[in-house]
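Since the structure comes first, as structure tokens, the remarks are kept for the end.
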Amino acid sequence: MPMEITNLIAEDEWLNRGALIAAIDVGSNAMRLGLAAFDADTGTPQLIQRYREPVRLGHDAFTTGILSEKTMDDAVKAFAYFRKILDQHHIENYRATATSAMRDSKNGRVLIKRIFDETGIKLSLISGEEEARLVQLSISRRVDLSNQFTLLVDMGGGSVEVTLCDDGEVISAQSFKIGTVRLLELLGRSGVFNSLLSEYLEGMRKKLKQQLGRRKPAVCVATGGNAGAIGSLAFQVLGTESAEQVSRIELDDLIKKLAAMSFEERIQDLGLRPDRADVILPASMVFHEIMTLARVQTMVMPEASLLDGILIGMMESEDVTMHSRRRNLLAWARSLKKKYHVDQHYAKSVARLALSLFDQMQSLHGLGAGERVLLEVACRAHEIGMYVRVGGHHRHAAYLISASPLLGLSKDEKAVLAQTVRYQRKAFPSEEHEGFVKLAEADQRSVCFLSSFLRLAIALNKDRRDRVRCVHVTLDDENIMLRLEGDGDLLLERWASLQVEDYIHYVFELKLQISLDV
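According to my numbering, the sequence shown is numbered sequentially starting from 2.
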């Protein structure tokens, strides 16, 4: 099948816009290349041309788990086309990402190497959480998410990313292996598909109910090729008011009409591509199921996508990206108050003290802004383990963080966060601890530094008295000297902090000295 090309702006107009950037999205159902130029009016990239190659990696990935030679040949051929387009427009700034099908393929990395060796394009795997973050980035530019609780659903061929936002900030994200191509390959196209799908979705139901709690989203925002196709079909077949919005009742009517049509009829009568005609029904059913679970009446389908999110992310400065990541992580931390009954006032006080220590001891640890954010989140979340059991709550907290889908964190960063919380008390880092041993040496070093600041900050707020207003740090070749300033005599806080002296010496190889303002 020839490559599909979509011109979003007349060629003579965008050729004069200067340097272009590009994004490649390798999905389970197709591969897409998007070219964009910077829009000075909006300060964001404007997608100007889109290319699509219908290479279905999901067929192999979700049946045998191994990409066949033919599939890999087709993928390399598609990337060779993409390479020509990049060279034709002199594009050097690009980002190529792969999602569910490539992640699940046992030989996915073999294909990644082949693509690089034969085309020079570097392709990277991204997690479901990173996929959700990039889609949310795209949605936030097109839909006002402020002052409401919203449900974002991005459906691909291999997975569905479900994200909850409160006042525009992400508070949870979960990736489910219920993409349309995966469902077709696993469940088949038989008459019992509906009952099999219902059973297959049970795991998603439980997790989604846990995430939602008693809250009801104001609206469901759906993205992905199937979401857009559903909107267009509802407008075409049912005569809905807009192709960018559909009610749950209208979606149910569309499902009934699609179910009554054969694969060939969906192509001939509805004008669907073959690779859309077979997945549109399961996509509609999954969207309807999620809307029903969330008790949402309306689903909107904006012109947002992973491809668009990648482009937006490429044009953000490092400071903006870090700020966005911090916002999302702190929104998650705030949501812990309801789920795990975390004392946010106390957690904020611990964070204030820990970050002050981090900043004043920069010359000793040399960590950057990313680690500082991890420390702040660790402080805000360090008590979540008490929800499970007070005894050993530091270990329970580490487990809960490891199991939580955290937007904006890589797998390694989440492991550092979990281990930082793990060492808030009790044992020192040890080669006998599996979670710590699995970390890279640099990450182990970060955990030691971050956990020392967390321990000290917890001690400085002993019994939640919140009396230490300020900590002044002085360093020399042998000592770390803390001068405490605050309310009352602070003797309890000084005593508690000195109990951490052995840990500070273990991490920094310096003695801890503490004095009080009199």
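Built from N, CA and C at the ideal position, the CB exists for glycine as well.
Is P275 buried or exposed, if buried means 16 or more other CB atoms sit within 10 Å of its CB?
Numbered from its first residue, the sequence shown carries residue 275 at position 274. By the neighbour-count criterion, in which 16 or more other beta carbons inside 10 Å mark a residue as buried, P275 falls on the exposed side.
Quick check on the burial criterion: 16 or more other C-beta atoms within 10 angstroms. Buried or exposed for S160?
Position 159 of the sequence shown, counted from the start, is the residue given in the question as residue 160. When all chains shown are included, S160 counts as buried.
Given that a residue counts as buried once 16 or more other Cβ atoms are within 10 Å of its Cβ, and exposed if not, what is Y1?
This structure cannot settle anything about residue 1, because the visible part of the chain is limited to 2 through 519.
For the beta strand (DSSP E) containing I172, list its first residue and its last residue.
Residue mapping note: residue 172 aligns to position 171 of the sequence shown, counting from 1. Here the beta strand (DSSP E) through I172 covers 170-177.
Roughly how far, in whole angstroms, is the beta-carbon of N227 from the beta-carbon of I281, given that I think they are within contact range, below 8 Å?
Sequence index remark: in the sequence shown, residue 227 carries index 226 (1-based). Sequence index remark: in the sequence shown, residue 281 carries index 280 (1-based). Right, the Cβ-Cβ distance comes to about 6 Å (below 8 Å), so this counts as a contact.
When you compare only the Cα positions, how much space is there between E119 and V111?
Position 118 of the sequence shown, counted from the first residue, corresponds to residue 119. Position 110 of the sequence shown, counted from the first residue, corresponds to residue 111. Their backbone Cα atoms lie some 12 Å apart in a straight line.
Kindly indicate which residue of V343, P283, E131 has the alpha-carbon position closest to the one of S199.
Locating residue 199 in the sequence shown gives position 198, where the first residue counts as 1. The option with the nearest alpha carbon to S199 is P283.
Can you grab the Cα-Cα spacing for the pair F150 / L252, in whole Å?
Position 149 of the sequence shown holds residue 150. Position 251 of the sequence shown holds residue 252. Rounded to the nearest angstrom, the two C-alpha atoms are 22 Å apart.
Expressed to the nearest angstrom, what Euclidean distance is found between the alpha-carbon atoms of S285 and K412?
For the purposes of this step, residue 285 is identified with residue 284 of the sequence shown, where counting begins at 1. For the purposes of this step, residue 412 is identified with residue 411 of the sequence shown, where counting begins at 1. Each residue's Cα considered, the two are about 32 Å apart.
Mind checking whether V182 and T98 have CB atoms under 8 Å apart?
Here residue 182 is taken as the residue at index 181 of the sequence shown, counted from 1. Here residue 98 is taken as the residue at index 97 of the sequence shown, counted from 1. No.
Could you give the first and the last residue of the continuous beta strand (DSSP E) run that contains P1?
Here the chain covers residues 2 to 519 and nothing more, so residue 1 does not appear.
Could you check the C-alpha separation between R373 and S364 for me, to the nearest Å?
The count along the sequence shown starts at 1 and reaches residue 373 at position 372. The count along the sequence shown starts at 1 and reaches residue 364 at position 363. Each residue's Cα considered, the two are about 14 Å apart.
Secondary structure at S125, three-state DSSP: helix, strand or coil?
One-based indexing of the sequence shown puts residue 125 at position 124. S125: strand per DSSP, three-state reduction.
If I follow the unbroken alpha helix (DSSP H) through A355, where does it start and stop?
What you label residue 355 is simply residue 354 of the sequence shown in a count that begins at 1. Residues 345-361.
Specify the secondary structure class of A441 as computed by DSSP and reduced to three states.
In the sequence shown, the residue the question calls residue 441 occupies position 440. Reduced to three states, the DSSP call for A441 is coil.
Under the DSSP definition of a beta bridge, which residues are partnered with S141?
By 1-based counting over the sequence shown, the position of residue 141 is 140. Answer is none; S141 lacks a bridge partner.
What does T181 pair with, by DSSP beta-bridge criteria?
Along the sequence shown, one-based indexing puts residue 181 at 180. In the DSSP output, where bridge partners are listed per residue, T181 has none listed.
If we require 3 or more residues per run, which beta strand (DSSP E) segments fall completely within the region 17-84?
21-27, 32-40, 45-54
Should L271 and L255 be called a contact, given that it needs their Cβ atoms to be closer than 8 Å?
On the sequence shown, position 270 is the one that residue 271 refers to. On the sequence shown, position 254 is the one that residue 255 refers to. The answer is no: Cβ separation not under 8 Å.
Where does H473 sit, in a helix, a strand or coil, going by DSSP?
For the purposes of this step, residue 473 is identified with residue 472 of the sequence shown, where counting begins at 1. DSSP places H473 in strand when its eight states are reduced to three.
Can you find the residues in the same chain that come closer than 7 Å, C-beta to C-beta, to L401, ignoring five residues on each side of it along the sequence?
Counting from one through the sequence shown, the residue named residue 401 turns up at place 400. I385, G386, listed in sequence order.
Could you give the residue range of the beta strand (DSSP E) that holds A97?
Here residue 97 corresponds to residue number 96 of the sequence shown, with the count starting at 1. Note, A97: beta strand (DSSP E), 95-99.
Grab the span of the alpha helix (DSSP H) containing A497 for me, first residue to last.
Taking the sequence shown and counting its residues from 1, the one referred to as residue 497 is at position 496. 492-499 is the span of the alpha helix (DSSP H), which, as asked, contains A497.
Quick check: the Cα distance between R326 and M32, rounded to an integer number of angstroms?
To locate residue 326, count along the sequence shown from 1; it is residue 325. To locate residue 32, count along the sequence shown from 1; it is residue 31. Their backbone Cα atoms lie some 27 Å apart in a straight line.
Apart from the five residues just before and just after H506, which ones in its own chain have a Cβ nearer than 8 Å to its Cβ?
Taking the sequence shown and counting its residues from 1, one reaches residue 506 at position 505. Here the set comprises K512, L513.
How many Å lie between G436 and Q425 at the Cα?
For the purposes of this step, residue 436 is identified with residue 435 of the sequence shown, where counting begins at 1. For the purposes of this step, residue 425 is identified with residue 424 of the sequence shown, where counting begins at 1. Computed Cα separation, rounded: 15 Å.
Alpha carbon to alpha carbon, what distance is there between H395 and L451?
Working through the sequence shown from its first residue, we reach residue 451 at position 450. Working through the sequence shown from its first residue, we reach residue 395 at position 394. Rounded to whole angstroms, L451 to H395 spans 15 Å at the Cα level.
Given this structure, state the Cα-to-Cα distance separating A305 from G225, to the nearest angstrom.
In the sequence shown, the residue the question calls residue 305 occupies position 304. In the sequence shown, the residue the question calls residue 225 occupies position 224. Approximately 8 Å, taken between the alpha carbons.
Taking its Cβ as the centre, do 16 or more other Cβ atoms sit within 10 Å of N17, making it buried, or is it exposed?
The count along the sequence shown starts at 1 and reaches residue 17 at position 16. With a pLDDT of 49 at N17, under the threshold of 50, the modelled position of this residue cannot be trusted; read the value that follows with caution. It counts as exposed.
Let's test the definition: count the other Cβ atoms within 10 Å of the Cβ of R470 and tell me whether it reaches 16, buried, or not, exposed.
In the sequence shown, residue 470 corresponds to position 469, counting from 1. R470 comes out exposed.
Decide if the region 165-181 is in contact with the region 207-224; the criterion is three or more beta carbon pairs, one per stretch, under 8 Å apart.
yes
Tell whether a beta-carbon distance below 8 Å holds between V351 and I459.
For this step, residue 351 is matched to residue 350 along the sequence shown. For this step, residue 459 is matched to residue 458 along the sequence shown. Yes, they are a contact pair.
Anyone know if the C-beta pair for D61 and S106 falls short of 8 Å?
Locating residue 61 in the sequence shown gives position 60, where the first residue counts as 1. Locating residue 106 in the sequence shown gives position 105, where the first residue counts as 1. Against a cut-off of 8 Å, the Cβ pair of S106 and D61 comes out as a contact.
Do you know how far the Cα of I127 is from the Cα of K415?
On the sequence shown, residue 415 is found 414 positions in, with the first residue counted as 1. On the sequence shown, residue 127 is found 126 positions in, with the first residue counted as 1. Taking the straight line joining both Cα atoms gives about 14 Å.
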